[in-house]
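Number of protein chains: 2
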Amino acid sequence: MTAQQFPDSDITVASVGEHALIERVRQRAASSADWVLLGIGDDAAVLRPARGAVDVVTTDAMVEGVHFRRDWTAPRAIGHKSLAVNLSDLAAMGARPRAVLLSLVLPADFPLRDFDELIDGVVTLANAAHAPLVGGNIARSPGPLVVDVTALGTAHPRRLLTRGGGRPGDELFLTGTVGAAAAGLSMLQEGEERSSLSPEAAACVARYEQPSPRTRIGERVAGAKAASACVDLSDGLADAVRQLAAASRCGVVLDGEHIPVDEGAAAWARRRGQSPVDFTLAGGEDYELLFAVPRQRLSAFRAVGRREQNVPLTRVGRLAPEPGCWLERDGRREPLGRGFAHF
Amino acid sequence: MTAQQFPDSDITVASVGEHALIERVRQRAASSADWVLLGIGDDAAVLRPARGAVDVVTTDAMVEGVHFRRDWTAPRAIGHKSLAVNLSDLAAMGARPRAVLLSLVLPADFPLRDFDELIDGVVTLANAAHAPLVGGNIARSPGPLVVDVTALGTAHPRRLLTRGGGRPGDELFLTGTVGAAAAGLSMLQEGEERSSLSPEAAACVARYEQPSPRTRIGERVAGAKAASACVDLSDGLADAVRQLAAASRCGVVLDGEHIPVDEGAAAWARRRGQSPVDFTLAGGEDYELLFAVPRQRLSAFRAVGRREQNVPLTRVGRLAPEPGCWLERDGRREPLGRGFAHF
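Chains as they are written, first to last, in the numbering used here: chain A, 1460 to 1802; chain B, 1460 to 1802.
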């Protein structure tokens, strides 16, 4: 028998077994960080806390058939995104990532090659974020693939960003552009051929499949105490605005004319006869950050923005004393829609 | 319409929605611990690290159809066990639990009443362990219920227990009794009527469904530096012995005559024509702790045991310089079997 008779794609995770899979993860995750005292292979991982800092912890799962489809998205991208959404949560707290746990629930017939690629997707982003993969769990699934990540970060206790620190009059700023992930998902749902996508459309699919968490700017804004509150856009702009306003016990007025809709998303919305802003407000998964910035911190905030030249910062509205969430456009004010429901 | 027309059991999690479910968890999880700076409701939870200590973190998932069946086991017990298996991992490191994250993947038709009970199962054990539920995630499942827990603990850096500290000559001690969980699972699999179980048999089912993590003795043994290595019995005694021996680069000899087989498990094994020891070695999920104890620490170890009178400690073998895992019984030595495969 030669190796060709058993190509990698025929080997399943079940045929390899749990201990061998863990050993594969351990080898792929090899990384050095002096705060990792004990990594993969024992009953738990051990980390040295950062001096004078607090621990920031979050967990988020991605589920096959709900958050991704295996026939659409490559295993490496699934791994990447499963971690990215967690790093985005840390970024929204102004925390620096430190370590990652990965809990996999795998169908028995999941190909070993896909397993390796999924792990590589997690590990590549984890190492880029200086947050090594230090542990986790592997269980069998009688149904969908589930990728559950816990991200551990660290922050200065007086420089934490929460959702609840906003005050009436604070201005709302958004990183990057929005709508692209929703457009990318919509393109996949409508069966667009990847090979025939325009560069702007392909960028939307990439934003949906492999979002880039805003780790650095979250940390920098928190470090400069340049914002009063922050939330990430996991469930879209409308939902993020509502969450921040509710936690800050404010109302909010969004400026519909200044929402930085992604170019590819705007084209996609128009092609379907929708207004780009409405399309964007209803969509999710942009993983941008929404900051509330007190007027007296505007110059500090803009100074952080100048140092982070790759990240556009756009003023999209303000917190208001009167309750309610409103969208202003064409000189009129209307109630803000509900946005994207993940569940 | 009256409330009776819509009994709780007809309300599903999908009809309530993610935000309302998170709010339900937040209300049920209310707890005070001065190290929890920010709990449920923001992008991440924030914990103050213990002074001079290290963070110990672990994650483990329980999957419907693999680790439990909803028609066998009550939601409260599913919640309890999902956390217990993680607390057991912390105990095996000698760590004190501090906080818990819960990531739920829920079928859309999961009854809200079951959701509440599952949360109560987690929260009751979390609070008993002084490790409040501080965050998590709720996602939809197109298939099985998945309950994924991350447990965060703390330990003194020079009093950590790992699997790898054992040396030839160290004696192996086991907490409690073994085989009960495997017997309980076997009883459920064979359709035994709960109402007609003997007290010993019912205790086996309870051990399977609601294991008690050995939190306190793990912490005490570590604190007294009374053991060189430790592992928990998630996948059974044979697997635990192998893991500890491999990590410690030793061989191991188990003493088959002294394995503390649970009374109900022994009766169940004999009824099926199996030797109680063989049944126990092949079974899993006891969540007892296996300690390696250097001879010069035996008196310190026994002193901890005397202070923890509820926990029997039984010498079950020793680490050996020659490689291999062996079982001694009836004056003969035989290779140790493989044990239980979860995956």
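For each residue, glycine too, the CB sits at the ideal point set by N, CA and C.
Contact between the segment 1585-1594 of chain A and the segment 1623-1635 of chain A (3+ Cβ pairs under 8 Å)
no
Please report how far the alpha carbon of Q1702(B) lies from the alpha carbon of V1516(B), in whole angstroms.
19 Å
Determine the DSSP secondary structure at D1519(B), reduced to helix, strand or coil.
strand
Neighbour flag for S1600(A) against chain B, beta carbons, 8 Å
yes
Applying the criterion that 16 or more other CB atoms from any shown protein chain within 10 Å of the CB defines a buried residue, is P1566(A) buried or exposed?
buried
6 Å CB neighbourhood of D1745(A) in its chain, flanking five on each side removed
V1637, A1640 and L1692
Start-to-end residues for the beta strand (DSSP E) that takes in L1475(A):
According to the sequence shown, residue 1475(A) is Val rather than Leu. Counting along the chain, V1475(A) falls outside any beta strand (DSSP E), though it belongs to the alpha helix (DSSP H) covering V1472 to V1475.
Between the C-alpha atoms of C1784(B) and E1652(A), what's the straight-line distance to the nearest angstrom?
Looking at the two C-alpha atoms, the distance is approximately 56 Å.
When the Cα atoms are used, what is the spatial distance from W1494(A) to T1674(A)?
So the alpha carbons of these two residues sit roughly 19 Å apart.
Could you tell me if N1769(A) is buried or exposed, where buried requires 16 or more neighbouring beta carbons within 10 angstroms of its beta carbon?
The C-beta of N1769(A) has fewer than 16 other C-beta atoms within 10 Å across all chains shown, which makes the residue exposed.
Would you mind working out which of G1796(A), I1718(A) and A1725(A) sits nearest R1777(A), comparing C-alpha positions?
If we check each option's Cα against that of R1777(A), I1718(A) comes out closest.
What residues from the segment 1673-1688 of chain B come within 7 Å of chain A, judged by C-beta to C-beta, listed N to C?
none
Taking C-beta to C-beta, are D1514(A) and L1611(A) nearer than 8 Å?
Contact flag set, yes.
By DSSP, does R1791(B) sit in helix, in strand, or in coil?
strand
Which word fits R1622(B), buried or exposed, when buried means at least 16 other C-beta atoms lie within 10 angstroms of its C-beta?
buried
I'd like to know whether the C-beta atoms of S1541(A) and P1672(A) end up nearer to each other than 8 Å.
no
Near R1774(A), which residues of its chain fall below 6 Å by C-beta distance, leaving aside the five closest residues on each side in sequence?
E1630 and F1632
According to DSSP, is T1621(A) part of a helix, a strand, or is it coil?
coil
Neighbour list for P1556(A) in chain B, Cβ cutoff strictly below 7 Å:
Those within 7 Å of P1556(A) in chain B number zero; the least Cβ separation is about 11 Å.
Cβ closer than 7 Å: which chain B residues qualify as neighbours of V1770(A)?
Result: empty, since nearest Cβ-Cβ is about 18 Å, beyond 7 Å.
Rounded distance between the beta-carbons of G1677(A) and A1806(A), thought under 8 Å
The requested residue 1806(A) does not occur in the structure, where chain A is confined to residues 1460 to 1802.
What are the boundary residues of the alpha helix (DSSP H) that V1606(B) is part of?
Careful: V1606(B) lies outside any alpha helix (DSSP H), inside the beta strand (DSSP E) at V1605 to A1614.
What does R1507(B) touch in chain A if you count any residue whose Cβ is under 7 Å from its own?
Under the 7 Å cutoff, chain A gives V1513.
List, in order along the chain, the chain B residues whose C-beta lies closer than 9 Å to that of S1671(A)?
Per Cβ cutoff of 9 Å: no residues; S1671(A) is ~17 Å from chain B at best.
Flag D1568(B) as yes if its beta-carbon sits less than 8 Å from any beta-carbon of chain A, otherwise no.
no
To the nearest angstrom, how far is the alpha carbon of A1462(B) from that of R1572(B)?
Its pLDDT being 41, under 50, A1462(B) is placed unreliably in this model, and the coordinates cannot settle the point.
Does chain B have any CB closer than 8 Å to the CB of V1690(A)?
yes
Beta-carbon of A1779(A) versus every beta-carbon of chain B: anything under 8 Å?
no
Exposed or buried, which one is A1489(B) when buried takes at least 16 other CB atoms within 10 Å?
exposed
Secondary structure of P1735(A), DSSP reduced to three states:
helix
Proximity winner among R1617(A), P1670(A), H1478(A) and A1642(A), relative to E1659(A) (alpha-carbon distances):
A1642(A)
Are the C-beta of S1474(B) and some C-beta of chain A separated by less than 8 Å?
no
Distance check for A1697(B) and Y1709(B), CA to CA, integer angstroms please.
This sequence places Cys at residue 1709(B); Tyr is not what is there. Those two C-alpha atoms are separated by around 15 Å.
From A1751(B) to A1614(A), what distance separates their C-alpha atoms?
38 Å
C-beta neighbour in chain A for R1618(B), strict 8 Å:
For R1618(B), the nearest beta carbon of chain A is not closer than 8 Å to its own beta carbon.
Chain B partners of R1626(A), CB-CB under 7 Å?
The premise fails here: R1626(A) is roughly 17 Å from chain B at the closest Cβ pair, so nothing lies under 7 Å.
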